[in-house]
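The numbering of the sequence shown is our numbering, which starts it at 179 and goes up by one.
For glycine and all other residues, C-beta sits at the position ideal for the given N, C-alpha and C.
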Amino acid sequence: MNHKHCFEALDKSLSDILSHVNPLDNNVPFGGKPLLLGGDFRQILPVIPGGTREEIIDASLNSSYLWPSFKIFHLKENMRLSKNGLNIEEKQKINDFATWILRIGNGQIVDIDDPNDKDASWIKIPQDLLIHSYTHPIHSIFLATYPNFETNYNNFTYLRERAIVTPRNTTVTEINNYAIDLLPGQERIYLSSDSLCSSSENSENLTILYPTEFLNKLEFNGLPSYYLALKIGMPIMLLRNLNQSSGLCNGTRLVITQLYDKIIEAKILAGSNIGHKVFIPRISLTATESKWPFIFKRRQFPIRPCYAMTINKSQGQSLKQVGLYLSQPVFTHGQLYVALSRVTSRQGLKILIENNQEVPNNYTKNIVYKDVLQNL
Numbered sequence: 179m180n181h182k183h184c185f186e187a188l189d190k191s192l193s194d195i196l197s198h199v200n201p202l203d204n205n206v207p208f209g210g211k212p213l214l215l216g217g218d219f220r221q222i223l224p225v226i227p228g229g230t231r232e233e234i235i236d237a238s239l240n241s242s243y244l245w246p247s248f249k250i251f252h253l254k255e256n257m258r259l260s261k262n263g264l265n266i267e268e269k270q271k272i273n274d275f276a277t278w279i280l281r282i283g284n285g286q287i288v289d290i291d292d293p294n295d296k297d298a299s300w301i302k303i304p305q306d307l308l309i310h311s312y313t314h315p316i317h318s319i320f321l322a323t324y325p326n327f328e329t330n331y332n333n334f335t336y337l338r339e340r341a342i343v344t345p346r347n348t349t350v351t352e353i354n355n356y357a358i359d360l361l362p363g364q365e366r367i368y369l370s371s372d373s374l375c376s377s378s379e380n381s382e383n384l385t386i387l388y389p390t391e392f393l394n395k396l397e398f399n400g401l402p403s404y405y406l407a408l409k410i411g412m413p414i415m416l417l418r419n420l421n422q423s424s425g426l427c428n429g430t431r432l433v434i435t436q437l438y439d440k441i442i443e444a445k446i447l448a449g450s451n452i453g454h455k456v457f458i459p460r461i462s463l464t465a466t467e468s469k470w471p472f473i474f475k476r477r478q479f480p481i482r483p484c485y486a487m488t489i490n491k492s493q494g495q496s497l498k499q500v501g502l503y504l505s506q507p508v509f510t511h512g513q514l515y516v517a518l519s520r521v522t523s524r525q526g527l528k529i530l531i532e533n534n535q536e537v538p539n540n541y542t543k544n545i546v547y548k549d550v551l552q553n554l
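Right, here's the structure in full:
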């Protein structure tokens with residue numbers, strides 16, 4: 179979800195531009211231009227690095243001065259859950275599953291209160307959705323999500339229909355590394371070129387303090403790793419908008435078809451451009467984080483492996499098979515709701531939970547900021 183400032187900036191820009199045509203347009207939202215928005219406040223709210231609950235809620239669109247100007251239409255049917263060809267009993271089961279997901283999104287299911295967090299509760303997961311017996315959890319969740327991988331690893335449809343989702347990037351990396359080891363073929367390594375932007379204050383002194391070897395070890399959200407290990411046939415996710423008209427957008431999933439020195443050939447896995455062959459170049463990406471006194475620049479292919487992805491990155495995806503791996507509980511509003519609602523059927527969802535000894539492994543945390551849902 180975009181920060182409210184994005185919409186407020188658009189409002190001011192349109193009002194300023196259109197007021198030169200009609201001065202009255204300066205007093206109406208968006209200069210009098212109709213604007214259609216779609217979204218779900220049960221999903222993950224704007225990301226505020228290190229932000230408090232109050233800051234996150236305040237960044238949401240329904241905290242903006244623009245919100246009273248919108249007319250709200252409520253959608254009634256979960257279109258992701260497929261009902262084609264089902265009998266009455268099967269349709270009722272789908273409806274029950276959709277209602278369960280919706281109640282989780284609304285924070286209406288509370289099996290155990292969390293005494294340390296008023297926005298969190300522990301909910302009991304139905305037994306048929308759980309992976310119970312495991313000694314190696316990553317192996318178990320991978321096997322449940324990618325059955326018969328050894329015979330389907332290069333099957334385009336098989337890869338398109340499934341993914342593992344998990345809250346944190348470190349876990350995503352562990353799962354993807356495990357999957358790459360299982361994938362046949364020669365591995366090719368691509369290393370990034372890391373540096374400090376010359377626009378950083380005292381860049382000459384900072385270059386001495388932060389040598390290249392140190393920069394190579396840094397990881398930033400939304401940036402590819404210094405070390406990319408890739409194989410032909412593996413699914414990847416694009417981390418930047420390259421060409422929106424060709425379907426090369428942030429979050430697009432592709433499968434690698436060729437690996438060259440300076441370019442990667444891939445096919446788009448989903449969307450209106452499914453099956454199209456595309457070429458991905460290295461590009462320069464920058465990152466700024468308040469804990470570092472510099473602007474970081476990395477030249478690398480803007481991709482990451484995506485046998486697994488974070489829950490945040492899974493927003494917008496529709497998958498027949500979803501493995502939800504909760505080695506740690508979710509940590510912000512809407513994450514559990516997003517993870518559970520990626521799947522097109524109840525049968526396609528499997529959940530593996532690792533809790534400490536105080537909480538059984540058939541319970542998991544759900545976080546809902548109910549304040550943000552009150553004026554919808």
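Exercise. Using the DSSP secondary-structure output, state which residues sit across from glycine 501 in a beta bridge.
Key: The count along the sequence shown starts at 1 and reaches residue 501 at position 323. Answer is Ile342, Lys528.
Quiz item: In its own chain, which residues sit with a C-beta less than 8 Å from the C-beta of leucine 374, not counting the 5 before and 5 after it?
Solution: Working through the sequence shown from its first residue, we reach residue 374 at position 196. Excluding positions up to five away in sequence, the list reads Ser381, Leu384, Thr385, Tyr388, Leu393, Phe472, Ile473, Phe474, Lys475.
Self-check item: Contact under 8 Å by Cβ, serine 315 with glutamate 532
Solution: Position 137 of the sequence shown, counted from the start, is the residue given in the question as residue 315. Position 354 of the sequence shown, counted from the start, is the residue given in the question as residue 532. The sequence given here places proline at residue 315; serine does not occur at that position. Yes. Within cutoff.
Practice problem: Assign glutamate 186 to one of three DSSP states: helix, strand, or coil. | Solution: On the sequence shown, position 8 is the one that residue 186 refers to. Of the three classes helix, strand and coil, the one that applies to glutamate 186 here is helix, per DSSP.
Quiz item: proline 507: which of Lys491, Asn539, Thr522 sits nearest, CA to CA?
Solution: Along the sequence shown, read from residue 1 onward, the residue named residue 507 stands at position 329. Nearest of Lys491, Asn539, Thr522 to proline 507, Cα basis: Asn539.
Quiz item: Between the beta-carbon of glycine 209 and the beta-carbon of methionine 179, is there less than 8 Å?
Solution: Here the question's residue 209 lines up with position 31 in the sequence shown. Here the question's residue 179 lines up with position 1 in the sequence shown. In this structure, methionine 179 does not lie closer than 8 Å to glycine 209 by Cβ.
Quiz item: What are the boundary residues of the beta strand (DSSP E) that includes tyrosine 368?
Solution: Here residue 368 refers to the residue found at position 190 of the sequence shown. Annotation: the continuous beta strand (DSSP E) that includes tyrosine 368 extends over 366-369.
Exercise. Return the residue from the list Pro207, Gln478, Ala465, Asn534 that minimises the CA-CA distance to asparagine 399.
Key: Taking the sequence shown and counting its residues from 1, one reaches residue 399 at position 221. Sorting Pro207, Gln478, Ala465, Asn534 by C-alpha distance to the C-alpha of asparagine 399 places Ala465 at the top.
Exercise. Would you check if the stretch 450-466 and the stretch 348-363 touch, i.e. whether three or more CB-CB distances between them fall below 8 Å?
Key: Judged by Cβ distances under 8 Å, the stretch 348-363 makes no contact with the stretch 450-466, as fewer than three pairs qualify.
Quiz item: When the Cα atoms are used, what is the spatial distance from leucine 527 to phenylalanine 327?
Solution: To locate residue 527, count along the sequence shown from 1; it is residue 349. To locate residue 327, count along the sequence shown from 1; it is residue 149. Roughly 17 Å between the two C-alpha positions.
Quiz item: Who are the Cβ neighbours of isoleucine 235 in its own chain at under 8 Å, not counting the five residues just before and after it?
Solution: Indexing the sequence shown from 1 puts residue 235 at position 57. Contacts found: Leu223, Ser241, Tyr547, Asp549, Val550.
Quiz item: Is the closest heavy atom of the ligand HEM to the C-beta of glycine 229 under 7 Å?
Solution: Absence of the ligand HEM from the depicted structure is noted, as is the absence of any ligand whatsoever, leaving it without description.
Practice problem: Tell me whether aspartate 236 sits in a helix, a strand or coil according to DSSP, three-state version. | Solution: Within the sequence shown, residue 236 is the residue found at index 58, counting from 1. Aspartate 236: helix per DSSP, three-state reduction.
Practice problem: Could you give the DSSP three-state label for valine 225: helix, strand or coil? | Solution: Counting from 1 along the sequence shown, the entry for residue 225 is found at position 47. In this structure, DSSP gives valine 225 a state outside helix and strand, which the three-state scheme calls coil.
Quiz item: Would isoleucine 301 pass as a contact of asparagine 544 if the rule is Cβ separation under 8 Å?
Solution: As a working mapping, residue 301 is identified with position 123 in the sequence shown. As a working mapping, residue 544 is identified with position 366 in the sequence shown. In terms of Cβ geometry, isoleucine 301 and asparagine 544 form a close pair [threshold 8 Å].
Quiz prompt | Integer-rounded CB distance, given that isoleucine 410 should sit under 8 Å from threonine 435 | solution = One-based indexing of the sequence shown puts residue 435 at position 257. One-based indexing of the sequence shown puts residue 410 at position 232. The beta-carbon distance between threonine 435 and isoleucine 410, rounded to whole angstroms, is 7 Å. This is short enough to meet the 8 Å contact definition.
Exercise. Taking isoleucine 446 and leucine 432 to be in contact with their CB atoms under 8 Å, please state how far apart those CB atoms are, rounded to whole angstroms.
Key: Locating residue 446 in the sequence shown gives position 268, where the first residue counts as 1. Locating residue 432 in the sequence shown gives position 254, where the first residue counts as 1. Confirmed, about 5 Å.
Quiz item: Whose CA, out of Lys296, Leu253, Asn204, Ile195, lies closest to the CA of threonine 510?
Solution: As a first step, residue 510 is located in the sequence shown; it is residue number 332 there, counting from the start. Comparing Cα-Cα distances from threonine 510 to each of Lys296, Leu253, Asn204, Ile195, the minimum goes to Lys296.
Quiz prompt | Identity of the residue in Ser377, Trp470, Ile481 nearest methionine 412 by Cα | solution = Residue numbering aside, residue 412 sits at position 234 when the sequence shown is read from its first letter. That would be Ile481, whose Cα lies nearest to the Cα of methionine 412.
Practice problem: Determine the extent of the alpha helix (DSSP H) in which asparagine 284 is found, giving its start and end residues. | Solution: For the purposes of this step, residue 284 is taken as the residue at position 106 of the sequence shown. Residues 266-284.
Quiz item: Since aspartate 291 sits in a beta bridge, which residues does DSSP pair it with?
Solution: As a first step, residue 291 must be located in the sequence shown, where it is residue number 113. Answer is Ser299, bridged to aspartate 291.
Quiz prompt | isoleucine 319 beta carbon less than 8 Å from that of leucine 188 | solution = Here residue 188 is taken as the residue at index 10 of the sequence shown, counted from 1. Here residue 319 is taken as the residue at index 141 of the sequence shown, counted from 1. Against a cut-off of 8 Å, the Cβ pair of isoleucine 319 and leucine 188 comes out as no contact.
Quiz item: What does lysine 455 pair with, by DSSP beta-bridge criteria?
Solution: Sequence index remark: in the sequence shown, residue 455 carries index 277 (1-based). Its beta-bridge partners are Lys445.
Quiz item: Around the Cβ of glycine 148, are there at least 16 other Cβ atoms within 10 angstroms (buried) or fewer (exposed)?
Solution: With the chain covering 179 to 554 only, the question about residue 148 has no answer from this structure.
Quiz item: Which two residues bound the contiguous alpha helix (DSSP H) that contains tyrosine 356?
Solution: Locating residue 356 in the sequence shown gives position 178, counting from the first residue. It spans 347-360 - the alpha helix (DSSP H) in which tyrosine 356 sits, taken as one unbroken run.
Self-check item: Nearest candidate by alpha-carbon position, reference serine 519, set Phe185, Leu426, Pro207, Asn256
Solution: Working through the sequence shown from its first residue, we reach residue 519 at position 341. Taking only the C-alpha atoms, the option nearest serine 519 is Asn256.
Self-check item: Whole-angstrom distance between glutamine 478 and isoleucine 461, CA atom to CA atom
Solution: Locating residue 461 in the sequence shown gives position 283, counting from the first residue. Locating residue 478 in the sequence shown gives position 300, counting from the first residue. Between isoleucine 461 and glutamine 478, the C-alpha separation is close to 6 Å.
Quiz item: Considering valine 516, what are the terminal residues of the alpha helix (DSSP H) in which it resides?
Solution: The residue given as residue 516 occupies position 338 in the sequence shown. For valine 516, the enclosing alpha helix (DSSP H) stretches over residues 513-518.
Self-check item: Close Cβ partners of leucine 307 (< 6 Å) along its chain, the five nearest in sequence each way excluded
Solution: Locating residue 307 in the sequence shown gives position 129, where the first residue counts as 1. Counting only Cβ-Cβ distances below 6 Å, and skipping sequence neighbours, we find Leu527, Ile529.
Self-check item: leucine 178 versus threonine 335 - alpha carbon distance
Solution: An answer regarding residue 178 cannot be provided, because it is not within the stretch 179 to 554 covered by the chain.
Quiz item: Can you tell which of Pro345, Leu192, Lys261, Ser247 has the C-alpha that lies nearest to the C-alpha of glutamine 493?
Solution: For the purposes of this step, residue 493 is taken as the residue at position 315 of the sequence shown. Of the candidates Pro345, Leu192, Lys261, Ser247, the one whose C-alpha sits nearest the C-alpha of glutamine 493 is Pro345.
Quiz item: Going by the beta-carbon positions, is the gap between leucine 369 and tyrosine 312 smaller than 8 Å?
Solution: Along the sequence shown, read from residue 1 onward, the residue named residue 369 stands at position 191. Along the sequence shown, read from residue 1 onward, the residue named residue 312 stands at position 134. It is not a contact, given that the beta carbons lie outside the stated cut-off.
Practice problem: Answer yes or no: do glycine 512 and glutamine 221 have a C-beta to C-beta separation smaller than 8 Å? | Solution: Locating residue 512 in the sequence shown gives position 334, where the first residue counts as 1. Locating residue 221 in the sequence shown gives position 43, where the first residue counts as 1. When the beta-carbon positions are compared, glycine 512 and glutamine 221 come within less than 8 Å of each other.
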